[in-house]
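Visitor: Before we start, here is the structure in question, set down as structure tokens.
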Amino acid sequence: MKIFQTLKDIFAPKTEEKEKTSAAGETPGKAAEGARAEKLPAQEGQKSAKAMNYAELINGLISNAGYRNYKPVGTEEAACPSCGKEIDSFPVRKMQCPSCGADIFVRTRASDKRKVLLTGDQLEEFERQRTLDSGMYDTKMKNLAERMEKYSDHGGWVFLSVLDEKDTPEYAEYHGMVIKSRSGEEKKALGLLIRPDSRARTKTWFNNPEQDTSPDEYEAQRKEWFDSRKK
């Protein structure tokens, strides 16, 4: 009888422990798994907030620059955009004005699909506006905000210019520069990237000499570009 009682005492705690585990409805492993799952929405929320901050920053810069506020360029009537004299019929291709001899260019707007007549000087502005009208610009800016959010995990990113005859010194000076996330310098660099006609790009910064292009190499590229402009 005493032996039976001793055996009962030995096994009783284990039975009670099992009952407690069952009462909780989950094992410690499942509890930890649940705790991790509960943290995921918060982490996703933090990432979304980060992306939204960059989207708001970029939209604010665009608004301040007035890139979306513009007067559509071009003449919708059958009239020379240079001298204003009427033309017998709306041209379908490039022609010379019968009155002043200036070249008249024909283009189609992306926003309303209407054909307009342009001077040679208006072509560049028309292309800039077409980028805005077609929705390409909005997509480009959305992608830029998403990239900035990813770069912030690395603490920064690299600005890349094209460095050709169309580039300007303000773009060339930033070529190869490491831009720290959420810095004043980043706001200036974004100001160049958001221009509708910007051809500059961005690159991941790893903060690792084995993965990042050498600063000396970028410096040599900048020097070569600036030297070429002196010739």
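Counted the way UniProt numbering counts, the sequence shown spans residues 1 to 231.
Positions of the beta carbon are idealized from the N, C-alpha and C atoms, including for glycine.
#1: Quick one: using the 10 Å Cβ neighbour count with 16 as the cut-off for buried, is F159 buried or exposed?
#2: Where are the beta strand (DSSP E) runs, 3 residues long or more, that stay fully inside the stretch 141-217, in chain order?
#3: Evaluate the contact criterion for the stretch 223-230 versus the stretch 156-176: three or more CB pairs, one atom per stretch, below 8 Å.
#4: For G120, which residues from the same chain have a beta carbon less than 6 Å from its beta carbon, with the 5 sequence-adjacent residues on both sides left out?
#5: CB-CB under 7 Å to residue 232, same chain, minus the five flanking residues each way: which ones, in chain order?
#6: Distance check for K71 and A189, CA to CA, integer angstroms please.
#7: Tell whether a beta-carbon distance below 8 Å holds between Y137 and T204.
#8: Just the Cα atoms here: how many angstroms apart are M95 and V116?
#9: Give the C-beta separation of I194 and I87 to the nearest angstrom, bearing in mind that I take them to be a contact with Cβ-Cβ under 8 Å.
#10: Going along the chain, which residues of its own chain have a beta-carbon closer than 7 Å to the beta-carbon of Q129, five neighbours each way excluded?
#11: Considering only residues of the same chain and omitting the five flanking positions on each side of Y218, which have a CB-CB separation below 8 Å?
#12: Which of helix, strand or coil does DSSP assign to E76?
#13: So, is R222 buried or exposed, given that buried needs 16 or more other C-beta atoms within 10 angstroms?
#14: Which term fits residue 258, buried or exposed, when burial requires 16 or more other beta carbons within 10 angstroms of its beta carbon?
#15: State the Cα-Cα distance for the pair T75 and L118, rounded to the nearest angstrom.
#16: Pull up the DSSP beta-bridge partners for I87, would you.
#17: Can you have a look at P209 and say buried or exposed, based on whether 16 or more other CB atoms are within 10 angstroms of its CB?
Guide: Here's the rundown:
#1: When all chains shown are included, F159 counts as buried.
#2: If we require 3 residues or more, the beta strand (DSSP E) runs fully inside the stretch 141-217 come out as 156-160, 178-180 and 201-204.
#3: Contact holds: three or more Cβ-Cβ distances are below 8 Å.
#4: Shown here for G120: same chain residues with a beta carbon closer than 6 Å to its own, the five before and five after excluded, namely D103 in chain order.
#5: The structure shown does not extend to residue 232, since the chain is modelled only from 1 through 231, so no value can be given for it.
#6: If you take the alpha carbons of A189 and K71, they lie about 27 Å apart.
#7: Inclusion of Y137 and T204 in the CB contact set at 8 Å is not warranted, their separation being larger than that value.
#8: Near 13 Å, if we compare the C-alpha coordinates of V116 and M95.
#9: Rounded, the Cβ-Cβ distance is 38 Å, inconsistent with contact.
#10: Residues Y70, P72 and V73 of the same chain have their beta carbon placed closer than 7 Å to that of Q129, with the five preceding and five following residues left out of the count.
#11: Contacts found: H175, G176 and M177.
#12: In the structure shown, E76 adopts coil according to DSSP, grouped into three states.
#13: With 16 or more Cβ atoms within 10 Å of its Cβ, R222 is classed as buried.
#14: The requested residue 258 is not part of the displayed model; the chain covers only 1 to 231.
#15: Distance from the CA atom of T75 to the CA atom of L118, rounded to whole angstroms, is 7 Å.
#16: Bridge partners of I87: none, in fact.
#17: Counting the other CB atoms within 10 Å of its CB gives P209 a total below 16, which places it among the exposed residues.
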